[in-house]
Amino acid sequence: MPSGKQDRGLCELYQQDPERADKLVFGREAHKDRRGFLRGAGLATMGAMLGATIPFHRNFPAGLIPAAMADDGEMALFKTKDGLTLLNDRPINAETPPHLLDDPVTPNERHFVRNNGIVPDIAYEMDASDWRLKIDGEVNTPLEFSLEELKSKFENVTLKLQIECGGNGRAAFNPPARGNQWTLGAIGNAEWTGVRYADVLKAAGVKDSAIYTAHYSLDGHLSGDPEKLPISRGVPLAKAMEPHSIIAFAMNGEPIPALHGFPVRTICPGWAGSTSQKWLQRIELRNVVHDGPKMTGTSYRVPYYPVAPGTKVDKADFKIMEAMPVKSLITTPQTNQTIAERRLALRGHAWAGDNSVSRVDISHDFGATWTQADLAPPPNPYSWQTWSAEVTFPEKGYYEVWARATDDKGNSQPFAINWNPKGYLNNSMHRIAVTVSA
Amino acid sequence: MLFSLERSLPVLAFALLLPMAGHATETTPAPAPAQSATAAAAIDEDDEFGPDWPLGPGREDTGYLCGACHSLAIVKQQGLTRGDWDELIDWMVEEQGMAEPETSERDLILDYLAEHFNVDRVLK
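In order, the protein sequence lines correspond to chains C and B.
The UniProt record's numbering puts the last residue of the first sequence at 438; the count rises by one with no breaks.
The UniProt record's numbering puts the last residue of the second sequence at 124; the count rises by one with no breaks.
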């Protein structure tokens, strides 16, 4: 039973300006007779979203929301995604199968989605004219910016930045840990454009008393209570001042899609994805560690000492997760393929939180021997790095290819999971299955 | 099973009864299948909780309570002991604005969750 708020989304967009909605949602323009698809623009997109071709497309009225999508709410937004695995439909949580993450820069339609609340109306409308970003708290001068002011007052930076959900890999925990059961694909590396988080804070004047930031956003709480925030996280001041932490307004050259945080979001790359907060409207500088929803208790926290699987840990013994650990994916080939040749080209990416990746090694004999892969430098810090390798299998049979990345501080990926009660930080090695048939 | 034996007794009782005879489901608010061995297949495709929301005592209460705010898709992914489900209900009440269920309803719901979504669940 979707809430009324969700139901409005796409329909509201169509009610306000149907032809603009055509353009925004599908890239569609109609012929002069207000029917069809001028030069075919938007026809393929609409067909893909509906899952079928439209034989009578020349008759399709302009500004008419396809009936199949008329009351779909957030699921209509999800239909812009390509091949993602939907874990949860309210709120939307979806991950990308590793073989669909092969691109060096993750396209919007293949970037994972981890939402805690209800996508706000502004993101459906894609209209920021009434939106302002407020900067307040421990600053000398509280400030407020429109989207145009934010873009024009500060230097714009474009960076490829990796964002990984803190719970990526949770599905492999035993005993299970609660939350979305992410397998491998809650990681993305899009090209983000925005302004430096530091520049905005400096403009307001950071007081000596400021130690932590607090992000406040427009998404709605699932209970429908307008007083409740689904999530409000932040970062230590030093992370906010790091030159690759940004307040982004574009994703891969386009306004940030509704599911990803229109009109602006923070990107605190390399840290648990929840610090990269969507639909941002206010940043408060605080003189204490921020205590908003999902900052406290056991949310995005791990015990500060290792524990045996299944251990009950006192809440006082949890610490806030910060940087994500070194990790890699094999994105070519897809797992579970049968090949007729002995030689196999492999490709993937590796990333390492605040660090850089110094090497990636590949094994095709269950970890007995390892071969170093070719590893490209990152296009900029905090981007994932692409690696490639080739293996030759000695005879036909079942093989596994394992990938293991090592960062510049000497940390490598483990084979086993460092179990923790809430299922975070699983950076165990990615394994794929390959059967050689001849 | 990691949850305490004392609290799990009702769960075990249902677990034993259900596969044995269709009449064991007479106490459930959900439609009782003629053959319990094919219970999952007996749920209508248009069922409001979905065909993969397991049959059993507490099905409706749990579906309505959990599904009021979020999708049951998140519930179906979980594998928790009865004790962990109990803590999760506390968290929903204290932090997420869920109405506190009456004791008898809470027990029914905990039994249902611990029966169908325990640590031995298999992810689909």
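From the three backbone atoms N, C-alpha and C, an ideal C-beta is built for every residue, glycine too.
- In the DSSP assignment, residue 89 of chain C falls within the unbroken beta strand (DSSP E) covering 85-89.
- Per the coordinates, the alpha-carbon of residue 368 of chain C lies some 36 Å from the alpha-carbon of residue 107 of chain C.
- The straight-line gap separating the alpha-carbon atoms of residue 113 of chain C and residue 57 of chain B is approximately 34 Å.
- A direct Cα-Cα distance of roughly 43 Å separates residue 275 of chain C from residue 36 of chain C.
- Between residue 79 of chain B and residue 421 of chain C, the C-beta gap is not smaller than 9 Å, which leaves the two residues out of contact.
- For residue 18 of chain C, the enclosing alpha helix (DSSP H) begins and ends at 18-26.
- Taken in chain order, the whole beta strand (DSSP E) runs of length 3 or more contained in the stretch 220-283 of chain C are 246-251, 265-267.
- From the listed residues C:65, C:58, C:59, C:50, the smallest Cα separation to residue 19 of chain C is found for C:65.
- Taking the Cα positions, residue 394 of chain C is about 17 Å away from residue 432 of chain C.
- Under DSSP, residue 367 of chain C shares a beta bridge with no residue.
- Across the stretch 222-237 of chain C, CB contacts with chain B closer than 7 Å involve 222, 223, 225, 228, in sequence order along the chain.
- At a cut-off of 9 Å between beta carbons, residue 70 of chain B contacts chain C.
- With three or more CB-CB distances shorter than 8 Å, the stretch 394-413 of chain C counts as touching the stretch 345-364 of chain C.
- Restricted to the stretch 142-196 of chain C, the beta strand (DSSP E) segments that are unbroken, complete and at least 3 residues in length are 143-145, 156-164, 187-196, listed in chain order.
- Closer than 8 Å at the C-beta level to chain B, one finds these residues of the stretch 68-91 of chain C: 86, 87, 88, 89, 90, 91.
- Take residue 82 of chain C, set aside five residues on each side of it, and the residues of its chain with a beta-carbon closer than 6 Å to its own are 109, 110, in chain order.
- Scanning the stretch 93-139 of chain C from its first residue to its last, the whole beta strand (DSSP E) runs of 3-plus residues come out as 133-137.
- If you look at residue 412 of chain C, you'll find it isn't in any alpha helix (DSSP H); DSSP assigns it neither H nor E.
- In the DSSP assignment, residue 87 of chain B falls within the alpha helix (DSSP H) that extends over 82-96.
- Only exposed fits residue 31 of chain C, as fewer than 16 other CB atoms lie within 10 angstroms of its CB.
- Using a Cβ distance threshold of 9 Å, residue 97 of chain C and residue 84 of chain C count as a contacting pair.
- Near chain B, meaning a CB-to-CB distance below 7 Å, the residues of the stretch 169-180 of chain C are 171, 175, 176, 178, 180.
- Annotated three-state conformation of residue 63 of chain B is helix, per DSSP.
- In the DSSP assignment, residue 117 of chain B falls outside any beta strand (DSSP E) and carries neither an H nor an E.
- A direct Cα-Cα distance of roughly 24 Å separates residue 41 of chain C from residue 73 of chain C.
- At a cut-off of 9 Å between beta carbons, residue 273 of chain C makes no contact with chain B.
- A straight-line Cα-Cα distance of about 7 Å links residue 97 of chain B and residue 223 of chain C.
- Rounded to whole angstroms, the gap between the alpha carbons of residue 124 of chain B and residue 76 of chain B is 9 Å.
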